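Notes follow once the structure below has been shown.
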């Protein structure tokens, strides 16, 4: 999973004074839940939010069933995340950045070749 590439794509746009593309909510949900796992209450092989409201555990409350199963069996990660779909979404982000950078490289080469 490469969710941080999406954050960097947004940062690049902001640094250029452009409007960042919208975040993919599935990638954001996966990233946030895993990044804030240290806030979780653990019981019965699952992580849950320690509270019904507030900032602590908010990411876990956003998951289906408001929990993250701590098992890797079946066709989903933690019984919540479809790894194939997350991989496809992350690759879209990476490819969009690659395409933009390739386009800028070609434009820079053309300017250089034309003596601009």
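In the working numbering, the protein residues as written are -2 to 113. For glycine and all other residues, C-beta sits at the position ideal for the given N, C-alpha and C. All of these numbers come straight from a predicted model, not from anything done at the bench.
Distance between residue j and residue i (C-alpha atoms, nearest Å)
| i | j | result |
| --- | --- | --- |
| residue 112 | residue 84 | 42 Å |
| residue 21 | residue 41 | 30 Å |
| residue 32 | residue 90 | 20 Å |
| residue 114 | residue 96 | Here the chain comprises residues numbered -2 to 113, so residue 114 is not present and cannot be evaluated. |
| residue 30 | residue 60 | 8 Å |
| residue 52 | residue 92 | 33 Å |
The alpha helix (DSSP H) enclosing residue i, as first and last residue numbers
| i | result |
| --- | --- |
| residue 4 | 0 to 12 |
8 Å contact criterion, which residue i and residue j should meet: CB distance rounded
| i | j | result |
| --- | --- | --- |
| residue 43 | residue 66 | 5 Å |
| residue 87 | residue 26 | Not really, about 13 Å apart at Cβ, beyond 8 Å. |
Taking only runs of the alpha helix (DSSP H) that begin and end inside the segment 16 to 98, which ones reach a length of at least 4 residues, in chain order?
The segment 16 to 98 contains these whole alpha helix (DSSP H) runs: 22 to 32 and 55 to 58.
Inter-stretch contact (C-beta, 8 Å, three-pair minimum) for the segment 32 to 48 and the segment 98 to 106:
Segments in contact, no.
The segment 24 to 37 / the segment 6 to 13 touching (three or more Cβ pairs under 8 Å):
Output reads no: the segment 6 to 13 does not touch the segment 24 to 37.
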